[in-house]
Amino acid sequence: MSKDSIIFIGLDTHKSFIQVAVLQEHRGANPQQLGRIKSNKAALIKLAKQLQSKYPKATLHFVYEAGPCGYWTYRLITSLGHCCYVVAPSL
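So for the sequence shown, this note's numbering puts the first residue at 10; every next one is plus one.
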């Protein structure tokens, strides 16, 4: 994996858990379901560290849908130095 590779991490946020999927940027890649983590700061920090260790040369791009669970996810991920996109549910 090259230094300019991008790994996309999809987060399906809920009040008590976050469902996580990972997609590598190359064409034909299939998303990998990583499962659920708790919906809290410690679990999200742990996930980001694990993914950065697994893909040390890649840039991590987290994506989740705007909703009632708040904006804390975006603030936390960007504070860790990763890209994060909050997308509108209507798109």
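Here a beta-carbon is modelled for each residue, glycine too, at the ideal position from N, C-alpha and C.
Query	Result
Within-8 angstroms CB hit, Lys50 to chain D	Among the protein chains of the structure shown there is no chain D, as only one such chain exists.
Segment limits, beta strand (DSSP E) that includes Leu43	Gln41 to Lys47
Close-in-space but distant-in-sequence residues of the same chain around Gly44 (CB under 8 angstroms, 5 per side omitted)	Gln28 and Val29
The stretch 15-28 / the stretch 42-62 touching (three or more Cβ pairs under 8 angstroms)	yes
Continuous alpha helix (DSSP H) stretch holding Ala57: start and end	Lys50 to Lys63
Per DSSP, the bridge partner or partners of Leu20	Val29 and Tyr73
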